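Structure first, commentary second.
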Amino acid sequence: MEIIKIRDKAFEPYVTADELQEIAERLASEVRTDLDGRVPLFVVVLNGAFMFAADFIRHYNADCEISFVKMSSYQGMHSTGKVKQLIGLDVDVEGRDVVILEDIIDTGNTLEELYRIFEDKKVASLRIATLFFKPDAYKKTLKIDYVGKPIPNRFILGYGLDFDGLARNLPQVYQLNTSMTNIVLFGKPGAGKGTQAAFLKDKYNLVHISTGDLFRYNISNATKLGKLAQSYIDRGDLVPDEVTIQMLQEEVEKNPEAEGFLFDGFPRTIAQAEALDAFLEGKGMSIRATVALEADDEVLVKRIVERGKVSGRADDQDETKIRNRFVEYNEKTAPLMDYYKKQGKYHSVDGIGTIEEITKRLSDTIDTIKG
Ligand code: AP5
Ligand code: MG
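Structure (C-alpha cells):
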C-alpha cells in the first residue's frame, strides 16, 4: 500500500481514482434524471469541490450553467465552526434550479450557511449534492439530496480536499494511516501502566489516555464529572461504564490527528471493551494489541502504599481501599484477558524488574506487533 506523507502525517489510500469517477458519474446521472430536461445552475463550493465538480460536470451530458462560491471553515484538520463566505454568489438565481456541489459535509455548518444564502433568492429548486458525507459528525437536520459516499468521521485529503493547503492535486483520496498503533496498556493497580506510558508515548508518538488521570484532573478541578467520579474512586470502586466510556470517547475525538492511542486504565470491563471496539470501528480504527504488565499482588500493594506517601491519591492511602481495587480488578477487569486473547491481541510482559528493563520488554513486544 502506498503511504504518503503530508507535513508530518502519514496517509494511506482510501478512495481510488476509479471509484471517484464512478461516484461522479452516478451522481451526475441521478441529478440529470431528477431535473428532467430543465437547465440547472451548478454552484460549486470552493476550494475543496473543484475536482469533484469538474468530473461531475464532465459526466453531466446535458445543458447546464456553472457558478462558484467560496467558503471557509477549516484550519489545519479542524472544522472551526465559523463559516466565512469569501467569494459570494455573482449570478441571478431567481427561478433557477440550483444544484450545490460540495466535496464533503461533516458538521453541516457550511451547508447551513449555503441554505441561508439561498433562503430569500426565490430559486425554483435547491438541491445539494456532496461527494462525501460524515453521518457521525453531522449535527444538523438539513436535507442533503445526493450523497456520493458516506464515510466514518476520519480526516481525509486529496482530490480537491486539502490538509493545510496541500494535497488538493492528488487524483485519489487518502485517509490518516489506519494501521495506527492503538495499544491497550493493561495491568493491575500499581503494575506500572502510568510509568511505562510516559516512555512509550514518546517512543511511538502515541496519544496517552489514562482514564484514572482524567478523573483525577476532573476531581481537582471540581467539575461535574469529577464530583460524580470521586466517591467511586475514593472507595477503590470502578466508576460506572457510561460515564467512563463517554469521557474516553471525547478524549479520542479531541485528537483526530493522532497516529495512535495508548489506552491506560481503559477498558476495565467487558462493556467498556465492547464499546471501545465499536467506537473505533466507526472511525475506521481498531485496537492493535493489548499489552499486559504482569506482577504479583503483594509487590503491587507495597508499591502503591509507598506511592501513597507522596501521591496525594485518596485511593492510595489505606490498604483496605487498595485491596478493594484488586478485588474490583479480579471481578471486572481480569475477564478482559480472555476477551483480547480470543481476538489474538493479548500479549503479556513481566512487570517485575527495573523501570528501564520493563520499558525494554514492552518496546520489544510492540516492535514485534508493529512488524
Ligand atoms: P487508575 O489511575 O488507572 O489506577 P490503577 O489502575 O489502580 O493504576 P495506578 O495508576 O495506581 O497504577 P499504574 O499501573 O499506573 O502504576 P504506576 O505507573 O503509577 O484508576 C484509578 C481509579 O479511577 C480506579 O480505581 C477507578 O475508580 C477509576 N477508573 C479509572 N479508569 C476507569 C475505568 N476505565 N472504568 C471505571 N473506573 C475507572 O506505578 C505505581 C507505583 O509503582 C509508582 O509509584 C511507580 O513509581 C512505581 N513503579 C512503577 N514501575 C515500577 C518498577 N518497575 N519497579 C518499582 N516501582 C515501580
Ligand atoms: Mg496510573
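Here the sequence shown is numbered in UniProt numbering, starting from 1 and rising by one per residue.
Built from N, CA and C at the ideal position, the CB exists for glycine as well.
All values reported here derive from a predicted model rather than from experimental measurement.
Sub-9 Å separation of residue i and residue j beta-carbons
i: L35; j: L131; result: no
i: A292; j: G187; result: yes
i: P135; j: P150; result: yes
i: A314; j: I233; result: yes
i: I245; j: F279; result: yes
i: L89; j: F52; result: no
i: D120; j: G48; result: no
i: V39; j: A62; result: yes
i: V15; j: I156; result: yes
i: V239; j: T211; result: yes
i: V305; j: E319; result: yes
i: A289; j: K341; result: no
i: H347; j: I369; result: yes
i: G160; j: F56; result: no
Own chain, CB closer than 8 Å to residue i, minus 5 neighbours either side, in chain order
i: A10; result: I3, I4, L176, N177 and E259
i: R361; result: V349, D350 and G353
i: M71; result: V45, L46, V83, K84, Q85, L86, T110, E113 and L114
i: Y339; result: I270 and A273
i: V69; result: V43, V44, V45, L46, Q85, I87, G88, L89, L114 and I117
Own chain, CB closer than 7 Å to residue i, minus 5 neighbours either side, in chain order
i: K140; result: G108, L111 and E112
i: L185; result: K193, Q196, A197, L262, F263, D264 and V291
i: E30; result: Y146
i: G158; result: A167, L170, Q172, V173 and Y174
i: T365; result: V291, H347 and V349
Whole-number beta carbon distance between residue j and residue i, since they are thought to touch under 8 Å
i: K201; j: S363; result: Contact doesn't hold; Cβ gap of about 12 Å is too wide.
i: D296; j: R307; result: No, D296 and R307 are not in contact; Cβ-Cβ is about 17 Å, not under 8 Å.
i: R303; j: G190; result: 5 Å
i: residue 372; j: N255; result: Residue numbering for the chain in the displayed model covers 1 to 371; residue 372 lies beyond these limits and cannot be assessed.
i: R235; j: N324; result: 7 Å
i: S67; j: D97; result: Wrong, their Cβ atoms sit about 13 Å apart, outside the cutoff.
i: V91; j: L142; result: Not really, about 23 Å apart at Cβ, beyond 8 Å.
i: I144; j: F133; result: 6 Å
i: T269; j: D241; result: 6 Å
i: Y138; j: D106; result: 7 Å
Close beta carbons around residue i, own chain, < 6 Å, minus the five adjacent residues each side
i: I219; result: G226 and Q230
i: E94; result: K122
i: F199; result: T359
i: Q343; result: none
i: E250; result: none
i: Y217; result: none
i: P267; result: A273 and L276
Examine the Cβ distances between the stretch 178-190 and the stretch 271-289 and report whether three or more of them are shorter than 8 Å. yes
Segment contact, 8 Å Cβ cut-off, at least three pairs: the stretch 159-177 with the stretch 265-281: no
If we require 3 or more residues per run, which beta strand (DSSP E) segments fall completely within the stretch 41-104? 65-75 and 78-87
Any chance the stretch 225-232 sits against the stretch 322-341, with 3 or more Cβ pairs inside 8 Å? no
Residue ranges of each alpha helix (DSSP H) run of no fewer than 4 residues wholly in the stretch 189-259, ordered along the chain? 193-204, 211-220, 224-235 and 241-253
Run through the stretch 119-169 for me and flag every whole beta strand (DSSP E) of 3 or more residues, listed as ranges in chain order. 125-133 and 146-150
Please go through the stretch 261-349 and give each complete alpha helix (DSSP H) segment of 4 or more residues, from N-terminal end onward. 270-282, 297-311, 319-328 and 336-342
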